[in-house]
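Asker: The sequence shown: position 80 = 87 (our numbering), numbered continuously.
We put the beta carbon where it would ideally sit given N, CA and C, even for glycine.
Predicted, not measured: the structure shown is a model, and the values here were computed from it.
Below is one structure. I have some questions about it.
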Amino acid sequence: MSVSKKDYSAVKEYGQRIRAFRKAAELSQKELATFTEVHQPYIAAIENGDLNIGIKIQETIGQTFGVRYYQLADPEFPIPAREILRDNIRKYLISKQIDPAWLNEETPNLSHYVDMILNSDFLDKPRTAKAIAQEIAARYRVTASAARVTDILSRNPRRQLVQITKSKNSRLNIYQR
């Protein structure tokens with residue numbers, strides 16, 4: 008949604024609050040995007056006040072930081088301390104089955120596990136990123152979000168190894184070798 012002149016200051020202020028929460032938690036835009044399962048440019052557009060976002064993404068961002076969606080926009084609501092935010096984020100990641108090692112800068116090398124899936128017969132049939140993430144979890148006991156799998160498969164050299172198509176009745180990518 009484009010932002011009208013009338014709404015511009017509120018949207019800009021909201022974006023500044025999101026940036027303040029993110030910086031207080033010492034997260035990059037890419038990390039916040041991964042945790043909320045959106046793309047990094049989307050987070051940048053929110054923070055810059057270029058995008059009027061819906062309640063669902065507000066709720067997801069709030070859950071990530073462990074606050075209610077309306078507290079994100081409230082300038083009177085104090086931003087929690089780094090330790091509290093990171094603990095809340097860790098709990099959120101666990102609830103979403105995302106490896107909380109992201110917060111410890113011990114991110115598992117998911118590319119390695121995606122490569123192992125690519126070298127197996129799993130992608131002989133069309134699969135979604137969610138199905139690939141679930142297979143990685145089942146085989147290797149490593150949790151990965153569908154967004155992270157999509158990111159890995161959309162970059163070279165793996166991009167050259169898979170066919171990427173859109174599913175018939177949704178916007179999901181389908182991957183096949």
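1) Alpha carbon to alpha carbon, what distance is there between K37 and R93?
2) By alpha-carbon positions, which one of V169, R178 and A52 ends up nearest to S127?
3) Restricting to Cα atoms, I'd like to know which of E44, G56 and T157 is closest to R24.
4) Would you mind sorting E33 into buried or exposed? The rule is 16 or more other CB atoms within 10 Å of its CB.
5) Under 8 Å between the Cβ atoms of A151 and A144?
6) Can you list the beta strand (DSSP E) stretches of 3 or more residues lying completely in the segment 86-145, in chain order?
7) Please confirm if the segment 128-141 is in contact with the segment 170-182, defined as three or more CB-CB distances below 8 Å between the two stretches.
8) Distance check for I53 and T172, CA to CA, integer angstroms please.
9) Could you tell me whether the Cβ atoms of T71 and T41 are closer together than 8 Å?
10) Residue range of the alpha helix (DSSP H) that I181 falls in?
11) Please determine, among R97, E90 and G69, the residue with the shortest C-alpha to C-alpha distance to F84.
Answerer: Answer, in terms of the structure:
1) As a working note, residue 93 is residue 86 in the sequence shown. As a working note, residue 37 is residue 30 in the sequence shown. Going by the C-alpha atoms only, they are around 16 Å apart.
2) Position 120 of the sequence shown, counted from the start, is the residue given in the question as residue 127. The shortest Cα separation from S127 among V169, R178 and A52 belongs to V169.
3) Counting from one through the sequence shown, the residue named residue 24 turns up at place 17. Ranking the options by Cα distance to R24, first place goes to G56.
4) Within the sequence shown, numbered from 1, the residue matching residue 33 stands at position 26. Classification of E33: exposed, given that the 10 Å Cβ count is below 16.
5) On the sequence shown, position 144 is the one that residue 151 refers to. On the sequence shown, position 137 is the one that residue 144 refers to. Contact: yes.
6) none
7) yes
8) Reading the sequence shown from its first residue, position 165 is the one you call residue 172. Reading the sequence shown from its first residue, position 46 is the one you call residue 53. Roughly 28 Å between the two C-alpha positions.
9) In the sequence shown, counting from the first residue as 1, residue 71 sits at position 64. In the sequence shown, counting from the first residue as 1, residue 41 sits at position 34. Not a contact, by the Cβ cut-off of 8 Å.
10) For the purposes of this step, residue 181 is taken as residue 174 along the sequence shown, with counting starting at 1. Per DSSP, I181 belongs to no alpha helix (DSSP H); it is in the beta strand (DSSP E), N180 to Q183.
11) On the sequence shown, position 77 is the one that residue 84 refers to. Of the listed residues, the one whose Cα sits closest to F84 is G69.
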